[in-house]
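Take the first sequence: its letter number 30 is residue 29 in numbering that gives the first Met the number 0, and every next letter is one higher.
Using N, Cα and C, we set each Cβ at its ideal position, and we do this for glycine too.
One structure is given below, encoded as structure tokens.
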Amino acid sequence: MDIKINIFTDKFNPESYILNRSFYERDTSLVAKELLGKILLVKSQKNNFSDEICAGRIVDIEAYYGLNDPASHASHGATPRARIMFETPGISYVYFCYGNHYIINAVSEKYGTAGAAMIRAVEPLSGLSLMFERRKTGTIRNLTNGPGKLTKAFGINKDFNGLDLTDVKSKVMIIDGGKLNLFPTMEKIEIISKPRIGIRNGADKLLRFYIKENDFVSHK
DNA sequence: ACCACGATGAACT
DNA sequence: GTTCATCGTGGTC
0 MDIKINIFTD
10 KFNPESYILN
20 RSFYERDTSL
30 VAKELLGKIL
40 LVKSQKNNFS
50 DEICAGRIVD
60 IEAYYGLNDP
70 ASHASHGATP
80 RARIMFETPG
90 ISYVYFCYGN
100 HYIINAVSEK
110 YGTAGAAMIR
120 AVEPLSGLSL
130 MFERRKTGTI
140 RNLTNGPGKL
150 TKAFGINKDF
160 NGLDLTDVKS
170 KVMIIDGGKL
180 NLFPTMEKIE
190 IISKPRIGIR
200 NGADKLLRFY
210 IKENDFVSHK
């Protein structure tokens with residue numbers, strides 16, 4: 000697991016790789032499963048002339064629905080916090096958790112229906128020095144193998160709430176790594192389905208999905 | 001006004 | 001494997 004890809008510089012143009020809105024405007028479990036293997040990209044401003052890009056391959060994710068999902072923030076309707084889960088598919092939902100951590104989701108389903116895929120872990124690809132700096136850890140595996148860890152490594156905070164993941168001008172987006180031929184063995188990945196982590200209600204449903212035998216999956 | 005409970009991580013043993 | 005700091009959110013009284 001010695002991956003370091005340097006194509007994601009400030010010169011990289013995601014135009015032809017970015018996922019479009021119709022990708023997200025579907026059933027949340029399907030969106031979550033298909034986000035496995037895709038690449039989360041965040042631009043951090045380095046100085047006035049260039050950005051530093053943090054990139055990571057999504058390896059662990061959970062699906063949250065709306066009114067009929069008791070574990071979901073949207074289970075009680077469009078409250079101030081959860082309102083964004085009912086809005087445009089393909090935007091981000093970032094919330095503050097346990098008084099310490101930010102968690103990032105991709106909003107799914109059609110406008111007016113709540114749904115979001117929560118990114119639990121990524122495999123770091125680019126911007127590793129910046130991630131090490133932010134995370135203050137010595138091991139690559141500890142950089143992004145948890146939902147709160149990856150947001151810290153990528154510099155994601157509440158200012159990222161509601162940003163359009165389908166817009167190349169956003170500072171956060173999701174692209175299709177398969178189109179870049181970065182992972183020739185991608186079609187062989189095996190997806191494991193498990194109950195979601197850290198919830199009581201709705202724990203019977205298998206709405207967590209992760210890539211089998213990936214070192215960066217959290218809470219195995 | 002009050003309270004229970006986390007879509008967690010870190011630091012332990 | 002274990003414990004626990006920490007605080008926003010939403011439900012209930």
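- Contact check for S91 against N99 fails: the beta carbons are separated by 9 Å or more.
- Within the region 75-136, the complete beta strand (DSSP E) runs of at least 3 residues fall at 91-96, 100-106 and 115-125.
- When the Cα atoms are used, R134 and F153 turn out to be separated by approximately 9 Å.
- Here DSSP, grouped into helix, strand and coil, assigns L179 to helix.
- In this chain, the beta strand (DSSP E) harbouring F208 covers R207 to I210.
- Taking 4 residues as the minimum length, the alpha helix (DSSP H) runs contained wholly in the region 12-40 are 20-23 and 27-34, in order along the chain.
- The beta carbons of I102 and G147 sit about 7 Å from each other, so the pair counts as a contact at 8 Å.
- Collapsing the DSSP output to three states places G147 in a helix.
- Across the set S15, K32, F7 and F215, the C-alpha of F215 shows the shortest separation from the C-alpha of I139.
- Per DSSP, the beta bridge partners of R56 are I38 and E122.
- For L66 against A113, the beta-carbon gap comes to about 7 Å, under 8 Å, which counts as contact.
- Secondary-structure assignment with DSSP links Y63 through a beta bridge to A115.
- Nearest to L205 by C-alpha distance, out of R119, E212 and I196, is I196.
- Contact check for T27 against S125 fails: the beta carbons are separated by 9 Å or more.
- Residue burial annotation: E14 is exposed, with fewer than 16 other C-beta atoms found within 10 angstroms of its C-beta.
- According to the DSSP assignment, V171 belongs to the beta strand (DSSP E) that extends over V171 to I174.
- The way I'd put it, the region 49-60 doesn't touch the region 77-96; fewer than three beta-carbon pairs between them come closer than 8 Å.
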